[in-house]
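In terms of my numbering, the sequence shown opens at residue 945 and continues consecutively.
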Amino acid sequence: MVAKTPNAQHHQCYWLDDVGPAPEFSGTLPKSVDVVIVGSGYTGLNAAIETARGGRSTLVLDAEDPGYGCSTRNGGQISTSIKPTVEKLAAKFGQQKARAIRGEGASALAWIGDFIRAEGLDCDFRNVGRFHAAHTPDSYETLARDAEKLRADENIESFAVPRSEQKKELGTDTYHGGVVYPQHCSLHPAKYHRGLLRLASKAGAQILGHCTVTAIERTAKGFRVTTAKGHVDARDVVVATNGYTTGLTPWLQRRVIPIGSYIIATEELPETLVDELFPTDRIASDTFKVLYYYRASPDRKRILFGGRVSAAETDPKISGPRLRESMCRIFPQLADRQITHSWAGTVAYTFDELAHTGCHDGVHYAMGYCGSGVSMASYLGMRTGQKVLGQAQGATAFDGLPFPTRPLYTGKPWFLPAVVAWYRWMDTRQYRRAAHG
Ligand SMILES: Cc1cc2nc3c(=O)[nH]c(=O)nc-3n(C[C@H](O)[C@H](O)[C@H](O)COP(=O)(O)OP(=O)(O)OC[C@H]3O[C@@H](n4cnc5c(N)ncnc54)[C@H](O)[C@@H]3O)c2cc1C
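Quick look at the structure:
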């Protein structure tokens, strides 16, 4: 049961309770700037910090309050962020490129920690590690084998935890063991976003909320960007709209698949219960195809539990109780505990499960983080800013990759409910078979 059900998606977000009201970002639209950035999440703000510090007049525009998108509402889990394996990537791009792409995941993870420390951002950043749990004995075997390979081939630290030892990591009997990735981290997403807003403003970037960009047109000297508040001329434009990409950029809209991700927070729990469920404070996720991800809140008073609980997109009022049911299946100890928050956001998947960055028709972009964007969006935003400045270090292994779409796909994923329903059916079948031997 949802004890409190606030009504708008973003107003239900637990993280926003913790940071107080958003700073005011109103003002007048300048006539011209060096750089316009569309979208004020991790991608846009990290790009803005670079360009503003590099001496370019920079304007960040968001259709809603700055940070309205995923960057204030996510699970705050940080991993290496690249889903395809080296083998899969090598089959398409060759060994060398495959390794370079995988390497960007490790670079993004290392970079965000260094950046947060160097800038002194107060956002509960912690190197807690991840427990990735196996939903069947077979998936445990695969995970354990892959962990050894990752260590040997890519120097990614990890170790397997058999079912008999599982409770040292997570207070549940649901899974069949798992693997720990000690390098993975956690943070408070909204505090991190507030820190970025402060850094961007301090560097001289102007940030305007409630200023939807409606057109980007080429001019002799760059671009004319039309907004709800008038137009502004810019030499460079960066599109950083990820899961909220619209017909403003049809070429990009045809290449990203918007998918809702749903999450809840419990009421405050006794310290002993949180200690039992999360004895190591690690972030957690599992091998279900439609996966769950969860963690303790930074103050260790609540559990935050996310995933996808319906085939079609739904309202957080509906997803909240369903997520709670899933959470209680994993942690029966929470059966008589209420949830106080239920919210959602829209992430961007891509047809090749890779993030993409580059320049199309002269417009820079970075997006398609496939649900793992805390470090990758930040990192590629930063690299995009460097590219705008013409700096060689802005280059990434993603540059020049084809950004695939599908015939007749225009940005509305009509196929998604069927795909999610099929994956969920498979997950349930495998899990039940494993549970009944
Ligand atoms: C519930 C949930 C949990 C998640 N958990 C994790 C996690 O644990 N770990 C992880 O790594 N990732 C997670 N993610 C994904 C991660 O949050 C995103 O990948 C990341 O925040 C993307 O940042 P961004 O800046 O590219 O986009 P966003 O933060 O989504 O920002 C895009 C912005 O563009 C604006 N915009 C769109 N169109 C226009 C326009 N025409 N004019 C002006 N502005 C416009 C939008 O209003 C929006 O604010 C999660 C996401 C969700 C929703």
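Backbone N, C-alpha and C define an ideal beta-carbon position, used for all residues, glycine too.
Round the Cβ separation of Val-1157 and Val-1307 to the nearest angstrom and send it over; I've been treating them as touching at under 8 Å.
-> The beta-carbon distance between Val-1157 and Val-1307, rounded to whole angstroms, is 11 Å. This is too long to meet the 8 Å contact definition.
Determine contact between the region 1089-1105 and the region 1129-1138, defined as no fewer than three beta-carbon pairs at a distance below 8 Å.
-> Verdict: no, contact absent.
Is Leu-1192 near ligand 1, going by C-beta to nearest heavy atom under 7 Å?
-> Yes.
Would you kindly work out how many angstroms separate the C-alpha atoms of Thr-949 and Val-1004, rounded to a whole number?
-> Because Thr-949 sits at a pLDDT of 34, beneath the cut-off of 50, its placement in the model cannot be relied upon, and the following sentence gives the value as read from the coordinates. Going from the Cα of Thr-949 to the Cα of Val-1004 covers about 32 Å.
With C-beta atoms as the reference, is Leu-1352 less than 8 Å away from Ala-1144?
-> Taking 8 Å as the cut-off, the Cβ atoms of Leu-1352 and Ala-1144 do not count as close.
Given Pro-1075 as reference, the closest of Arg-1179, Arg-1373, His-1120 and Trp-1055 once Cα atoms are compared = Before going further, note that residue 1075 is Phe rather than Pro in the sequence given. Nearest option by C-alpha distance: His-1120.
Which stretch, first to last residue, makes up the alpha helix (DSSP H) that contains Gln-1374?
-> Looking at the DSSP string, the run of the alpha helix (DSSP H) that includes Gln-1374 is 1360-1379.
Taking DSSP as the reference, what is the three-state secondary structure of His-1175?
-> In the three-state reduction of the DSSP assignment, His-1175 falls in the strand class, which pools E and B.
Look at the alpha carbon of Lys-1093 and the alpha carbon of Ala-1104, and state the distance between them as a whole number of angstroms.
-> Straight-line Cα distance between these residues: approximately 12 Å.
With DSSP collapsed to three states, give me the class of Gly-1250.
-> For Gly-1250, the three-state secondary structure derived from DSSP is strand.
Where does His-955 land, buried or exposed, given buried means 16+ other C-beta within 10 angstroms?
-> Reliability fails at His-955, whose pLDDT of 49 lies under 50, so the model's placement of it is uncertain and no value is given.
To the nearest angstrom, how far is it from the Cα of Val-946 to the Cα of Gly-1038?
-> Residue placement at Val-946 is poorly supported in this model, since its pLDDT is 34, which falls under 50; the coordinates still yield a value, given next. C-alpha separation (whole angstroms): 50 Å.
Report yes if the C-beta distance between Thr-1301 and Asp-1343 is below 8 Å; otherwise report no.
-> In this structure, the beta-carbon distance from Thr-1301 to Asp-1343 falls below 8 Å.
Shortest alpha-carbon distance to Asp-1009 belongs to which of Thr-1024, Ala-996 and Gly-985?
-> Nearest C-alpha to Asp-1009: Gly-985.
Going by DSSP, which residues form a beta bridge with Asp-1180?
-> Bridge pairing for Asp-1180: Val-979 [DSSP].
Do Gln-1021 and Ser-1130 come within 8 Å of each other at the CB atom, strictly closer than that value?
-> Closer than 8 Å, so yes.
Across which residues does DSSP place Ser-1286 in a beta bridge pair?
-> Beta-bridge annotation (DSSP): Ser-1286 is paired with Ile-1208.
Contacting residues, own chain, Cβ-Cβ under 8 Å from Trp-1369 (five flanking each side not counted) | Nothing listed; no residue qualifies.
What do you get for Gly-971, buried or exposed, if any count of 16 or more other CB atoms within 10 angstroms of its CB means buried?
-> Exposed, by the Cβ-count rule.
Buried or exposed for Trp-1358, please, with buried defined as at least 16 other CB atoms from any protein chain shown within 10 angstroms of its CB.
-> Within a 10 Å sphere around the beta-carbon of Trp-1358 sit fewer than 16 other beta-carbons, which makes this residue exposed.
Using only the heavy atoms of ligand 3, determine whether one of them is closer than 7 Å to the beta carbon of Ser-984.
-> As presented, the structure is devoid of ligand 3, carrying ligand 1 as its sole ligands.
Per the contact definition of three or more C-beta pairs closer than 8 Å, is the region 1247-1259 in contact with the region 1189-1197?
-> Output reads no: the region 1247-1259 does not touch the region 1189-1197.
Which word fits Gln-1330, buried or exposed, when buried means at least 16 other C-beta atoms lie within 10 angstroms of its C-beta?
-> Of the other Cβ atoms in all chains shown, 16 or more fall within 10 Å of the Cβ of Gln-1330; this residue is therefore buried.
Compute every distance between the C-beta of Ser-1001 and the non-hydrogen atoms of ligand 1, then say whether any falls below 7 Å.
-> Flag unset: Cβ of Ser-1001 not near ligand 1.
Excluding the five sequence neighbours on either side, which residues of its own chain have a C-beta within less than 6 Å of the C-beta of Asn-951, listed in chain order?
-> Reliability of the predicted coordinates at Asn-951 is poor, the pLDDT of 37 falling under 50, and the value obtained from them is presented with this limitation in mind. Around Asn-951: no qualifying Cβ.
Touching by the beta-carbon criterion (3+ pairs, under 8 Å), the region 1274-1282 and the region 1204-1218 | Flag = yes, the region 1274-1282 and the region 1204-1218 touch.
My guess is that Lys-1032 and Cys-1314 are in contact by the Cβ rule of under 8 Å, so how many angstroms apart are they, rounded?
-> That belief does not hold up - the Cβ atoms of Lys-1032 and Cys-1314 are roughly 14 Å apart, past 8 Å.
Enclosing beta strand (DSSP E) for Thr-1163 [first to last residue] = It spans 1157-1163 - the beta strand (DSSP E) in which Thr-1163 sits, taken as one unbroken run.
Have a look at the DSSP bridge pairing and note the partners of Leu-1003.
-> DSSP output for Leu-1003 lists Val-980 and Gln-1150 as bridge partner(s).
Out of curiosity, what's the CA-to-CA distance linking Ala-1147 and Gly-1064?
-> Ala-1147 and Gly-1064: Cα-Cα distance of roughly 15 Å.
Ala-1052 and Met-1311: beta carbons closer than 8 Å?
-> The answer is no: Cβ separation not under 8 Å.
List the residues that DSSP assigns as beta-bridge partners of Tyr-1293.
-> Here Tyr-1293 is bridged, per DSSP, to Ile-1201.
Within 10 angstroms of the Cβ of Arg-1000, are there 16 or more other Cβ atoms? Answer buried if so, exposed if not.
-> Counting the other Cβ atoms within 10 Å of the Cβ of Arg-1000 gives 16 or more, which makes it buried.
Taking the CB atoms as reference points, tell me whether Pro-1223 and Lys-1112 lie closer together than 8 Å.
-> Against a cut-off of 8 Å, the Cβ pair of Lys-1112 and Pro-1223 comes out as a contact.
Apart from the five residues on each side of it in sequence, which residues of its chain come closer than 6 Å, Cβ to Cβ, to Ala-1034?
-> Correct list, in chain order: Ala-1042.
If you draw a straight line from the alpha carbon of Gly-1166 to that of Ile-1274, how long is it in whole angstroms?
-> In this structure, the CA atom of Gly-1166 is about 54 Å from the CA atom of Ile-1274.
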